[in-house]
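J.:
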Amino acid sequence: MTTEGLTKMYGDKAAAKDINIHIRPGSIYGLIGRNGAGKTTVMRMLSGLSAPTKGSFSMFGKTGSEAMKEMRNVGVLIEHPGIYPNLSAQKNLKIKAIAMGCDKRKGYIDELLKLVGLENVKNKKAGSFSLGMRQRLGIALALIGDPKLIILDEPINGLDPQGIVEVRQMLAKLRDERGITIMISSHILDELSKLADSYGIIHEGKLTDEFTVEELHKRCGRYIELSTDDNKAAAEVIRRAGFDKVSVDDDNILRVGERLDEVKSVVKLLVDNNLVPDRVGVKDVSLEDYYLSVTGGEHNG
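Residue numbering for the sequence shown follows this note's numbering, starting at 387 and increasing by one per position.
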């Protein structure tokens, strides 16, 4: 899927403006942004739930009215799952399967319930489900009809740590074994970084950056992390030796953004200057670190 200048106006306010997204087939695309940044607005337009004010998008290589016909190949979970609270999980799925014309396959509903970890509560009324269980049912509903693309807005919201891991593994399996393309938003950036192949950062209604995992690593790389009795003095010693990317963060940790083969050189340099490190490590710049560097300020979802 690609978009060109996709815009949504509410009066004179742009909820999303000139969005150009590129989602590769068979990939997991993570859409990142604060609450109110425009993530859900973009997902609603791409799902056919909201009409763009201007701009266009192509889906599976088709544009215009032909792209809209491809909506039958798109599964959606945006905001709250549309479920019947007085019906069981199994019956909720059965109703949508009938509507989609795919209720005849033997074991189809049970297969979906097992996939999302609800096989043991399939006859329980959905209205009594926890938030996490409702999210799982919402994902199962999005998978009815065997879509080529699924769009999931905060699908791990409300899940406990074990549930988050299970959903992550499930989505990776859908990509790797079924070739399903997935667009997902999440405010839990650490989890998203373990799953997505590429990312888009949306800030104040605009797509400010788009990159693959490989590009993220090239841009950010890794850094050496150290601690001594006097990190400010240590930083100055390292700078004088010709290392440019040297800083002491708010937690009083010394960071040196150089090649990993420089670790021994940096440690020896400090020891020679009577600044023996009591902590040495190598860390990757996280997705959250990069997100904050692009958008500025604190991350709040």
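Every residue, glycine too, gets a C-beta built ideally from N, C-alpha and C. Predicted model, so just to flag it, every value in this text is computed and none were measured.
#1: Applying the criterion that 16 or more other CB atoms from any shown protein chain within 10 Å of the CB defines a buried residue, is N617 buried or exposed?
#2: Among the residues of its own chain, which have a CB less than 8 Å from the CB of N638, if the five just before and after it don't count?
#3: Taking V668 as part of the beta strand (DSSP E), name the residues at either end of that continuous run.
#4: Once you ignore the five residues that flank K482 on each side, which residues in its own chain have a CB closer than 6 Å to its CB?
#5: Using the Cβ count rule (16 or more neighbours within 10 Å means buried), how would you classify P438?
#6: Apply the 10 Å Cβ neighbour rule to R665 and answer buried if 16 or more other Cβ atoms are within range, or exposed otherwise.
#7: Let me make sure I understand the geometry here. Which of R608, A401, P467 and L581 has the alpha-carbon closest to that of L517?
#8: Using C-beta distances below 6 Å, list every residue in its chain close to R625, excluding the 5 sequence neighbours before and after it, in chain order.
#9: Can the beta-carbon of I407 be found less than 8 Å from the beta-carbon of L575?
#10: Under the three-state reduction of DSSP, which class applies to H466: helix, strand or coil?
#11: Which one of N472, V551, D595 and T426 has the shortest CA to CA distance from S679?
#12: Please state whether DSSP places A402 in a helix, a strand or coil.
#13: If we ignore side chains and look at the alpha-carbon of each, how far apart do T389 and L504 end up?
#14: Once the 5 residues before and after M387 are set aside, which same chain residues still bring their CB inside 6 Å of it?
#15: So, using beta-carbon positions, are V653 and V668 closer together than 8 Å?
#16: Evaluate contact between the segment 482-496 and the segment 535-547, counting only Cβ atoms and requiring at least three cross-stretch pairs below 8 Å.
#17: From which residue to which residue does the beta strand (DSSP E) around H589 run?
#18: Looking at the structure shown, is L435 part of a helix, part of a strand, or coil, going by DSSP?
#19: Ordered along the chain, which non-local residues of its own chain (more than five positions away) have a Cβ less than 8 Å from that of G710?
#20: Do K480 and I469 count as a contact pair if the criterion is CB distance below 8 Å?
#21: To the nearest angstrom, how far is the alpha carbon of K448 from that of T598?
#22: Specify the secondary structure class of G391 as computed by DSSP and reduced to three states.
#23: Count the C-beta pairs between the segment 579-592 and the segment 533-540 that are closer than 8 Å, then say yes if the count reaches three, no if not.
#24: My guess is that Y609 and V662 are in contact by the Cβ rule of under 8 Å, so how many angstroms apart are they, rounded?
T.: Let me lay it out:
#1: Under the 10 Å beta carbon count, N617 is surrounded by 16 or more other beta carbons and is classified as buried.
#2: The answer, listed in chain order, is S613 and N617.
#3: In this chain, the beta strand (DSSP E) harbouring V668 covers R665 to D670.
#4: Within its own chain, the residues whose Cβ lies closer than 6 Å to the Cβ of K482, once the five positions on either side in sequence are excluded, are L527 and I530, listed in chain order.
#5: Around the beta carbon of P438, a 10 Å sphere encloses 16 or more other beta carbons of the protein chains shown; the residue is thus reported as buried.
#6: Exposed.
#7: Closest in alpha carbon position to L517, among R608, A401, P467 and L581, is P467.
#8: Around R625: V632.
#9: Contact flag unset, no.
#10: Three-state DSSP puts H466 in coil, outside helix and strand.
#11: Out of N472, V551, D595 and T426, D595 has the C-alpha closest to the C-alpha of S679.
#12: Strand at A402.
#13: Cα to Cα, T389 sits roughly 35 Å from L504.
#14: Excluding positions up to five away in sequence, the list reads I409 and M445.
#15: No, they are not a contact pair.
#16: Proximity of the segment 482-496 to the segment 535-547 falls short of the contact definition, fewer than three beta-carbon pairs being nearer than 8 Å.
#17: Under the DSSP assignment, H589 falls in the beta strand (DSSP E) whose first and last residues are S584 to H589.
#18: Note: L435 maps to coil in three-state DSSP.
#19: Residue 710 lies beyond the range of the chain shown here (387 to 687); nothing can be said about it.
#20: Between I469 and K480, the gap from beta carbon to beta carbon reaches 8 Å or more.
#21: The alpha-carbon of K448 is positioned some 24 Å away from that of T598.
#22: DSSP places G391 within a strand segment (E or B) once states are collapsed to three.
#23: No, the segment 579-592 is not in contact with the segment 533-540.
#24: The pair is not a contact, with the Cβ atoms about 20 Å apart (cut-off 8 Å).
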